[in-house]
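Taking it in order: structure first as C-alpha cells, then the write-up.
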Amino acid sequence: MQQACLSTRDLSVGYAGRAVVENIELSAAPGEILSVIGPNGAGKTTLIRTLIRQLEPIRGSVLLDGQELSCLPGTQIARSLAAVLTGRPEPESMRCEEVVSLGRIPYTGRLGILSAGDKQKVAQTMALVGVSEFADADFEQISDGQRQRVLLARALCQEPRVLILDEPVSYLDLKHKLELLRLLRRLAREQGLAVIMSIHELSLARRFSDRVLCLKDGRVDRTGGPEEIFSPDYIERLFSLDAGSAEIFL
Numbered sequence: 002m003q004q005a006c007l008s009t010r011d012l013s014v015g016y017a018g019r020a021v022v023e024n025i026e027l028s029a030a031p032g033e034i035l036s037v038i039g040p041n042g043a044g045k046t047t048l049i050r051t052l053i054r055q056l057e058p059i060r061g062s063v064l065l066d067g068q069e070l071s072c073l074p075g076t077q078i079a080r081s082l083a084a085v086l087t088g089r090p091e092p093e094s095m096r097c098e099e100v101v102s103l104g105r106i107p108y109t110g111r112l113g114i115l116s117a118g119d120k121q122k123v124a125q126t127m128a129l130v131g132v133s134e135f136a137d138a139d140f141e142q143i144s145d146g147q148r149q150r151v152l153l154a155r156a157l158c159q160e161p162r163v164l165i166l167d168e169p170v171s172y173l174d175l176k177h178k179l180e181l182l183r184l185l186r187r188l189a190r191e192q193g194l195a196v197i198m199s200i201h202e203l204s205l206a207r208r209f210s211d212r213v214l215c216l217k218d219g220r221v222d223r224t225g226g227p228e229e230i231f232s233p234d235y236i237e238r239l240f241s242l243d244a245g246s247a248e249i250f251l
C-alpha cells in the first residue's frame, strides 16, 4: 500500500470534552475508498467532522501527509482535503456553476476573482462529474442526486488529495446511489484520491469499499477488507442483529 495521505494517531473524538470514540488509528492511501460503518450513535459523523477540523480532537492527532492538521495553514489544508457533508444545503440564489466555483476559493486569494485558469477548472470538473448541463440552473431547483454531484464537483475543484464524505448517498434513490459511488470509485482510481466516507448501506459499502473501519461501543471494533468485515456472523454482532438476519442487508 502507498503511504497514507491522511491518518490518525491515538485519536479520540467527541463533544464538550467527552469522548464518543477513543483510540482511533486509521489511514487512507491514494486510490482507495475507506468506508466507516457502525450502529447509529457509534460516532461515524463525529469522526468525520473531526477529520475535517469542524471538531477539535479530544486527544491525539489527525495527520495530513504525516503532518499534524492542527499545525498546517488553512489554505494548505483546503488545497489537499475537501469534504461533502450530509444534509441538504441550499445556497440562496446561486447557479450551480457558482456553487462549483466556490471550490476555487483556496486559489483565488482574498478577492475571490476567478482567473481564466480557474474558470477552465470549474468547467472541466463539472464535465468530469457530469453536471455541465446544470451550469446555469438554480441550485435550489435541481434534484437531490444532481445536487450531490454539484457539491462533489465543488469539492473536486479544490484539487484535493483526500476527499471525505458523510453519508453521501443518504437522500438518493438506488439509481443515483450507484451512479455516485461508481463515480467516486472511478475518481479514486484515476486521480489517486484517498476517499473516506461514512455509509449506512451495507450492501453498497461491501461493493465499493477497499477497506472498512467499524465503530461500536466507543472504539474501533475492526478494520479490514470487505471480505473480512461483511460476514453474516460479524455484521450480526456489530449491529446487534438477530441470528440469521444479516443476509437481508448484505
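Per the numbering used here, the sequence shown starts with residue 2, numbered consecutively. Even for Gly, the Cβ is constructed at its ideal location relative to N, Cα and C.
ask   = Around the Cβ of residue 181, are there at least 16 other Cβ atoms within 10 angstroms (buried) or fewer (exposed)?
value = Counted from its first residue, the sequence shown places residue 181 at position 180. Residue 181 sits buried, since 16 or more C-beta atoms from the chains shown fall within 10 Å of its C-beta.
query = Considering only the beta carbon of each residue, do residue 207 and residue 225 sit closer than 8 Å?
reply = By 1-based counting over the sequence shown, the position of residue 207 is 206. By 1-based counting over the sequence shown, the position of residue 225 is 224. It is not a contact, given that the beta carbons lie outside the stated cut-off.
query = Does DSSP classify residue 34 as helix, strand or coil?
reply = In the sequence shown, the residue the question calls residue 34 occupies position 33. Of the three classes helix, strand and coil, the one that applies to residue 34 here is strand, per DSSP.
request  = Give every residue of the same chain whose Cβ lies closer than 8 Å to the Cβ of residue 119, excluding the five residues on either side of it in the sequence, and list them in chain order.
outcome  = Within the sequence shown, numbered from 1, the residue matching residue 119 stands at position 118. Non-local beta-carbon contacts of residue 119 in its own chain, meaning distances under 8 Å to residues more than five positions away in sequence, involve 102, 105, 108, 109 in chain order.
key: Beta-bridge pairing of residue 23 - partner residues as DSSP gives them   = Indexing the sequence shown from 1 puts residue 23 at position 22. Beta-bridge pairing links residue 23 to no other residue.
ask   = Relative to the C-alpha of residue 129, which residue among 203, 48, 184, 62 is closest?
value = Working through the sequence shown from its first residue, we reach residue 129 at position 128. Cα-wise, what sits closest to residue 129 is 184.
message = The beta strand (DSSP E) that contains residue 210, what's its start and end?
response = As a working note, residue 210 is residue 209 in the sequence shown. Taken as a continuous stretch (DSSP letters only), residue 210 belongs to no beta strand (DSSP E), as it is neither H nor E.
inquiry  = Quick test of your reading: residue 164 and residue 194, contact by CB under 8 Å. State the CB separation rounded to the nearest angstrom.
reply    = On the sequence shown, residue 164 is found 163 positions in, with the first residue counted as 1. On the sequence shown, residue 194 is found 193 positions in, with the first residue counted as 1. About 5 Å separates the beta carbons of residue 164 and residue 194, which is inside the 8 Å limit, making them a contact pair.
inquiry  = Taking 8 Å as the limit between beta carbons, can you name the residues of its chain near residue 143, skipping five residues before and five after?
reply    = Locating residue 143 in the sequence shown gives position 142, where the first residue counts as 1. Taken in chain order, the residues that qualify are 97, 135, 151.
message = Please give me, in chain order, every unbroken run of the beta strand (DSSP E) with length at least 3 that falls completely inside the segment 110-189.
response = Unbroken beta strand (DSSP E) runs of no fewer than 3 residues, entirely contained in the segment 110-189, are found at 163-167, following chain order.
ask   = Can residue 14 and residue 56 be called in contact, C-beta distance under 8 Å?
value = The residue given as residue 14 occupies position 13 in the sequence shown. The residue given as residue 56 occupies position 55 in the sequence shown. Yes, the pair counts as a contact, with Cβ atoms nearer than the cut-off.
query = Three-state secondary structure (DSSP) at residue 76?
reply = In the sequence shown, residue 76 corresponds to position 75, counting from 1. In the three-state scheme derived from DSSP, where H, G and I count as helix and E and B as strand, residue 76 is classed as helix.
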